[in-house]
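Below: the structure, in structure tokens.
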Amino acid sequence: MTPEVEADPDLVVEDADSGFCGAVVGFEAGAVVLEDRHGRRRNFPLLPAAFLLDGRPVTLRRPTRPQVPAARRRTASGSVAVDGVRARVARASRIWVEGVHDAALVERIWGDDLRVEGVVVEPLSGIDALDAEVRDFGPGPNRRLGVLVDHLVPGSKESRIVARVNSPHVLVTGHPYVDVWQAVKPAAVGIAAWPVVPPGRPWKEGVCAALGVAGPADMWRHILSRVNSFADVETPLINAMERLIDFVTEPD
Numbered sequence: 034m035t036p037e038v039e040a041d042p043d044l045v046v047e048d049a050d051s052g053f054c055g056a057v058v059g060f061e062a063g064a065v066v067l068e069d070r071h072g073r074r075r076n077f078p079l080l081p082a083a084f085l086l087d088g089r090p091v092t093l094r095r096p097t098r099p100q101v102p103a104a105r106r107r108t109a110s111g112s113v114a115v116d117g118v119r120a121r122v123a124r125a126s127r128i129w130v131e132g133v134h135d136a137a138l139v140e141r142i143w144g145d146d147l148r149v150e151g152v153v154v155e156p157l158s159g160i161d162a163l164d165a166e167v168r169d170f171g172p173g174p175n176r177r178l179g180v181l182v183d184h185l186v187p188g189s190k191e192s193r194i195v196a197r198v199n200s201p202h203v204l205v206t207g208h209p210y211v212d213v214w215q216a217v218k219p220a221a222v223g224i225a226a227w228p229v230v231p232p233g234r235p236w237k238e239g240v241c242a243a244l245g246v247a248g249p250a251d252m253w254r255h256i257l258s259r260v261n262s263f264a265d266v267e268t269p270l271i272n273a274m275e276r277l278i279d280f281v282t283e284p285d
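Note that the working numbering has the sequence shown beginning at 34, numbered continuously upward.
Structure (structure tokens):
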């Protein structure tokens, strides 16, 4: 027998038919109103076994007592926070980023959203062999892949590598900055602007030399410690990550 669960405010469930995942925010004409992490709302009839809770079918019913929802908390990405919800079982779909610094920055800002959605972020060691790695991954309708690329601008080496990836189940997008460090706003790091590094010199080492920092490890610890939310990074990175999350979580 399918268990019945009271649809208390902020309970996160998934509509079994459409895959829409959201928190309970109210009721209208025999339907429950769910709001997803982007603030989009949809109504769903309170039908038997119509929802999934932690991956298991449930029947929602209106609470027996009126509930007053708590003030809505926001995550570091700006989405509505969902308290008391276990991380969803990981999807087959993945998001790849170029390295461990990219992965740490994504976790700092979008970690809460990714756990609720069941999306795993995996760092690569660069993208020189991206087309071969995509083939090995074997993307498909139920196994989507999103890739975040640094310095994705027309005419760059990265743009030529990305052009070799051709699958409807893969979305490659990125930001224009030389390195993900540069996607952090200078003001957040406590500098007026990112230093200009002469061509031919490793960019991170050049930045450290210009700022008088011992080395990249020390500089990265400082950068990451100053990032608290999406407001501390540049808009192109935000847009790229939101597109990737939407792509890999889109219902099959």
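Using N, Cα and C, we set each Cβ at its ideal position, and we do this for glycine too.
Per-residue DSSP class, three states only, for residue i
{"i": "W214", "result": "helix"}
{"i": "E155", "result": "strand"}
{"i": "R254", "result": "helix"}
{"i": "P78", "result": "strand"}
{"i": "P228", "result": "coil"}
{"i": "V195", "result": "helix"}
{"i": "A221", "result": "helix"}
{"i": "G239", "result": "helix"}
{"i": "L44", "result": "coil"}
{"i": "E267", "result": "coil"}
{"i": "F84", "result": "strand"}
{"i": "E275", "result": "helix"}
{"i": "T35", "result": "coil"}
{"i": "P90", "result": "strand"}
{"i": "V281", "result": "helix"}
Reference residue i; option with closest CA among the options
{"i": "V57", "options": "V139, V66 and T92", "result": "V66"}
{"i": "R89", "options": "D48, A62, A64 and G72", "result": "D48"}
{"i": "G151", "options": "R124, G159, R107 and R94", "result": "R124"}
{"i": "N261", "options": "R107, A64 and G52", "result": "R107"}
{"i": "V180", "options": "G59, N76, V281 and R75", "result": "V281"}
{"i": "D145", "options": "A109, V154, I278 and F170", "result": "A109"}
{"i": "G171", "options": "S158, H202 and V154", "result": "H202"}
{"i": "P78", "options": "A64, Q215 and F60", "result": "A64"}
{"i": "V198", "options": "K237, F60, A165 and G55", "result": "A165"}
{"i": "A40", "options": "D169, F60 and C241", "result": "F60"}
{"i": "E283", "options": "M34, P96, N175 and H184", "result": "N175"}
{"i": "A264", "options": "L80, W143 and G239", "result": "W143"}
{"i": "R168", "options": "S200, V139 and R73", "result": "S200"}
{"i": "E131", "options": "V38, V205, V217 and A221", "result": "V205"}
{"i": "D50", "options": "Q215, G173 and F84", "result": "F84"}
{"i": "E37", "options": "G72, C54 and T97", "result": "T97"}
{"i": "V153", "options": "A242, R177 and V266", "result": "R177"}
{"i": "V222", "options": "V266, L80 and S158", "result": "V266"}
Spatial distance of residue i from residue j (CA atoms)
{"i": "R70", "j": "D43", "result": "12 Å"}
{"i": "V182", "j": "E191", "result": "7 Å"}
{"i": "V149", "j": "L86", "result": "12 Å"}
{"i": "V246", "j": "D161", "result": "29 Å"}
{"i": "P289", "j": "R141", "result": "Nothing about residue 289 can be reported from this structure: the residues present for the chain run from 34 to 285 only."}
{"i": "P156", "j": "R94", "result": "42 Å"}
{"i": "G52", "j": "A82", "result": "14 Å"}
{"i": "M274", "j": "A136", "result": "11 Å"}
{"i": "G188", "j": "I194", "result": "11 Å"}
{"i": "R127", "j": "N76", "result": "29 Å"}
{"i": "G239", "j": "L147", "result": "33 Å"}
{"i": "I271", "j": "M34", "result": "44 Å"}
{"i": "A216", "j": "D279", "result": "21 Å"}
{"i": "W214", "j": "W129", "result": "17 Å"}
Burial state of residue i (16 or more Cβ within 10 Å)
{"i": "V133", "result": "exposed"}
{"i": "D212", "result": "buried"}
{"i": "R234", "result": "exposed"}
{"i": "A62", "result": "exposed"}
{"i": "G207", "result": "buried"}
{"i": "L277", "result": "buried"}
{"i": "V186", "result": "exposed"}
{"i": "V45", "result": "buried"}
{"i": "V229", "result": "exposed"}
{"i": "A250", "result": "exposed"}
Closer than 7 Å: residue i CB and nearest the ligand FMN heavy atom
{"i": "G233", "result": "Of ligands this structure carries none, so the ligand FMN is not represented either."}
(message) As an exercise, report each continuous alpha helix (DSSP H) stretch of at least 4 residues that is fully enclosed by the segment 133-190, in chain order.
(response) 133-150 and 163-170
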